[in-house]
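**Student:** Just so it is clear: in the sequence shown, position 156 is 156 by the UniProt record's numbering, and no numbers are missing.
For each residue, glycine too, the CB sits at the ideal point set by N, CA and C.
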Amino acid sequence: MKGFVLGGVSSGVGKTVATLSIMQALEDAGHAVQPAKAGPDFIDPSHHEAIAGRPSRTLDLWLEGADGLRRNLQRGAGDICVVEGVMGLYDGDGSSTAMVAEALDLPVVLVVDAKAGMESVAATALGFREYADAIGRDIDVAGVVAQRAHGGRHEQGIRDALPDSLEYFGRIPPSSDLEIPDRHLGLEMGDEAALPREALADAAESLRADRLAAVASEPRAPETPIEPAELVDTTVAVASDAAFCFQYPATIERFRERADLVTFSPLAGDSVPECDAVYLPGGYPELHAAELEAAGTLADLGERAAEGLPVLGECGGLMAMTQSLTTAEGETSAMAGILPADVTMCDRYQALDHVELEAIEGTLTAAAGETIRGHEFHYSSADVDGDARFAFETVRGDGIDGDHDGLTEYDSLGTYVHVHPESGAFDRFLERVGR
């Protein structure tokens, strides 16, 4: 499988729309596309899957390490991988788009906003190409996709201005149909606000699918190959619905490879399945707080946790494990009551960073003294009871109170941090709860 990375000159330049349009163009040209996303994102990948029909791979050096990143990509399918970047090409100290492209040895197609420029598009792209040499990074900026560019004289002016070292891969026409609504954590999910296929098809016609396919190259192979996973005699129940929708495909794959997996919907009022442990991924419990309380599943989960059932919750999962959740509108709903804290939604984000945690004592995802890396992005704050026990000290990041993360009660753990299976955290979880 060959691939390339789609980098932007900045956040907000329209990388996701460009990515979806490029995937559509390649699919229309007969290619099987494997989508991927640089950075710890759950939302953009949901849009990728809606177009490509296969889960998007998460590629983040901080979360996975270079070899883990390569293994994760190798688990994909198709003949061309399109990697959507994060922020601007060079932005981010933990895992920038440029760092991902360099780790994989893939060329970069640069998305440049051409709404009010022609020659300036070429100047911008050339600057991004030459900057790699200036900072000593092995980055191949192969060419550009012109975002919000008209045809005719506008397009021709861009093409004429580009030097021979930069290829023109086409344009994304300005269109109100090519806009994805957003909310506090980013864009709306792919199954909520999928772009119209007709609009994507129109945009795809303005792209040079043959040249995009030709520029793709083979990614660097991992030094440690993928090996069969050791089975664990355990059953894990995973919450999966609109309130708990932030799941890395690799996490679900790891669960299925090593254990038995069942899913349930707290929003639908499903009973907690017979299992050895429960995983509550992140998502949007704040958008469904009253429904979650009325459904009764969280109350049932709280009783099961008090009886010793291990529950692992990440971010939205942590919120659902607390005593109560108060929305930004001031409405309070009871949650599972597993963890001694109350959560309140805020008007602006409370944390956004790559994170490193050190375990104070042994817990579901780490032994005492071990460190795990992850990512936090949340708009809620947690008011923690005075007798609460924390599982981790924060080496980097904010966590729950600035110095700690991981509330623990009974045999359960809730954190604000999302981790990737390449961190080893989910393997330790399975081995801890396995019979």
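Given the structure, does Leu20 come close to the ligand SAM, in the sense that its CB is under 6 Å from one of the ligand's heavy atoms?
**Tutor:** Only the bare structure without any ligand can be found here, which leaves the ligand SAM out of the picture.
**Student:** Taking a contact to mean a Cβ-Cβ separation below 7 Å, would you say Glu119 touches Gly143 in this structure?
**Tutor:** Contact flag unset, no.
**Student:** What three-state label does DSSP hand Ser365 in the structure shown?
**Tutor:** In the sequence on display, residue 365 carries Thr and not Ser. Of the three classes helix, strand and coil, the one that applies to Thr365 here is coil, per DSSP.
**Student:** To the nearest angstrom, how far is it from the Cα of Ala32 to the Cα of Gly7?
**Tutor:** Each residue's Cα considered, the two are about 21 Å apart.
**Student:** Can you name, in chain order, every residue of its own chain whose Cβ lies under 6 Å from the Cβ of Ala216, other than the five neighbours on each side?
**Tutor:** Closer than 6 Å at the Cβ level, and outside the excluded window around Ala216, lie Lys2, Gly3, Phe4, Ile80.
**Student:** Taking the alpha carbon of Gly397 as the reference point, which residue from Val343, Leu280, Ala382, Phe377 has its own alpha carbon closest?
**Tutor:** Nearest of Val343, Leu280, Ala382, Phe377 to Gly397, Cα basis: Phe377.
**Student:** Which whole-angstrom value describes the C-beta separation of Ala29 and Asp210, a residue pair presumed to lie in contact below a C-beta threshold of 8 Å?
**Tutor:** About 7 Å; that satisfies the 8 Å criterion.
**Student:** Ser412 lies in the alpha helix (DSSP H); which residues open and close that run?
**Tutor:** It is not in any alpha helix (DSSP H) - Ser412 instead sits in the beta strand (DSSP E) that spans 412-415.
**Student:** For Arg183, which residues from the same chain have a beta carbon less than 6 Å from its beta carbon, with the 5 sequence-adjacent residues on both sides left out?
**Tutor:** Note that Arg183 has pLDDT 49, beneath the 50 cutoff, so the model's placement of it is unreliable and the number below is only indicative. Nothing listed; no residue qualifies.
**Student:** Taking 7 Å as the cut-off, decide whether the C-beta atoms of Ala109 and Val145 are in contact.
**Tutor:** Ala is not the amino acid found at residue 109; the sequence shown has Val there. It is a contact, given that the beta carbons lie within the stated cut-off.
**Student:** How many angstroms separate the CA atom of Glu253 from the CA atom of Leu280?
**Tutor:** If you take the alpha carbons of Glu253 and Leu280, they lie about 16 Å apart.
**Student:** I want to know whether the segment 158-167 touches the segment 38-46 - three or more CB-CB distances under 8 Å.
**Tutor:** The answer is no - the segment 38-46 does not touch the segment 158-167, with fewer than three Cβ pairs under 8 Å.
**Student:** Nearest to Ala351 by CA position, among Thr415, Ala199, Glu179, Tyr379, is which residue?
**Tutor:** Selected option, being the one with the closest Cα: Tyr379.
**Student:** Can you check whether the CB of Ala122 is closer than 7 Å to the CB of Ala149?
**Tutor:** Their beta carbons are not under 7 Å apart, which means Ala149 does not touch Ala122 by this criterion.
**Student:** Can you tell me whether Glu303 is buried or exposed? The criterion is at least 16 other CB atoms within 10 Å of its CB, across all chains shown.
**Tutor:** Exposed: under 16 other Cβ atoms inside 10 Å.
**Student:** For Thr224, count neighbouring C-beta atoms within 10 Å of its own C-beta (all shown protein chains included) and say buried if the count is 16 or more, exposed if not.
**Tutor:** Per the 10 Å Cβ criterion, exposed.
**Student:** For a quick check, are the C-beta atoms of Val419 and Ala277 less than 7 Å apart?
**Tutor:** No, Cβ-Cβ distance for Val419 and Ala277 is not below 7 Å.
**Student:** Taking the Cβ atom as the reference point for each residue, do Glu314 and Gly337 lie within a distance shorter than 7 Å?
**Tutor:** No, the Cβ-Cβ distance between Glu314 and Gly337 is not below 7 Å.
**Student:** Between the C-alpha atoms of Val343 and Phe426, what's the straight-line distance to the nearest angstrom?
**Tutor:** Rounded to whole angstroms, Val343 to Phe426 spans 25 Å at the Cα level.
**Student:** Going by the CB atoms, is the gap between Val236 and Phe255 shorter than 7 Å?
**Tutor:** Closer than 7 Å, so yes.
**Student:** DSSP three-state call for Ala66: helix, strand or coil?
**Tutor:** Helix, per DSSP.
**Student:** Quick one: Cα of Gly374 to Cα of Glu102, how far?
**Tutor:** Cα-Cα distance, rounded: 21 Å.
**Student:** What would DSSP say about Arg183, mapped onto helix, strand or coil?
**Tutor:** Since pLDDT at Arg183 reaches only 49, below the 50 mark, its modelled position is unreliable, and no value is offered.
**Student:** Where does Ile338 sit, in a helix, a strand or coil, going by DSSP?
**Tutor:** Coil, per DSSP.
**Student:** Which residues in the same chain as Leu325 place their Cβ atom closer than 6 Å to its Cβ, once the five residues preceding and following it in sequence are excluded?
**Tutor:** Answer for Leu325: Ala289, Met319, Ser333, Met335, Val343, listed in chain order.
**Student:** CA-CA distance, Gly151 and Pro173?
**Tutor:** Computed Cα separation, rounded: 8 Å.
**Student:** In or out: Ser95 buried (at least 16 other Cβ within 10 Å) or exposed?
**Tutor:** Result: buried.
**Student:** Should Ala294 go down as buried or exposed, given a rule of 16 or more other Cβ atoms within 10 Å for buried?
**Tutor:** Exposed: under 16 other Cβ atoms inside 10 Å.
**Student:** Which word fits Asp60, buried or exposed, when buried means at least 16 other C-beta atoms lie within 10 angstroms of its C-beta?
**Tutor:** It is buried - the Cβ of Asp60 has at least 16 other Cβ atoms within 10 Å.
**Student:** Could you give the first and the last residue of the continuous beta strand (DSSP E) run that contains Phe390?
**Tutor:** Unbroken beta strand (DSSP E) run through Phe390: 389-396.
**Student:** Applying the 10 Å Cβ sphere with the 16-neighbour rule, what's the burial state of Ala382?
**Tutor:** With 16 or more Cβ atoms within 10 Å of its Cβ, Ala382 is classed as buried.
**Student:** Could you compute how far the alpha carbon of Ala52 sits from the alpha carbon of Asp233?
**Tutor:** C-alpha separation (whole angstroms): 34 Å.
**Student:** Short of 7 Å in beta carbon distance, which residues of its chain neighbour Thr367, apart from the five on each side in sequence? Order them along the chain.
**Tutor:** According to the sequence as given, residue 367 is Ala; it is not Thr. Cβ neighbours of Ala367 beyond the five flanking positions: Ala359.
**Student:** Mind checking which residues open and close the beta strand (DSSP E) that includes Ile51?
**Tutor:** Premise fails: Ile51 lies in the alpha helix (DSSP H), 43-52, not in any beta strand (DSSP E).
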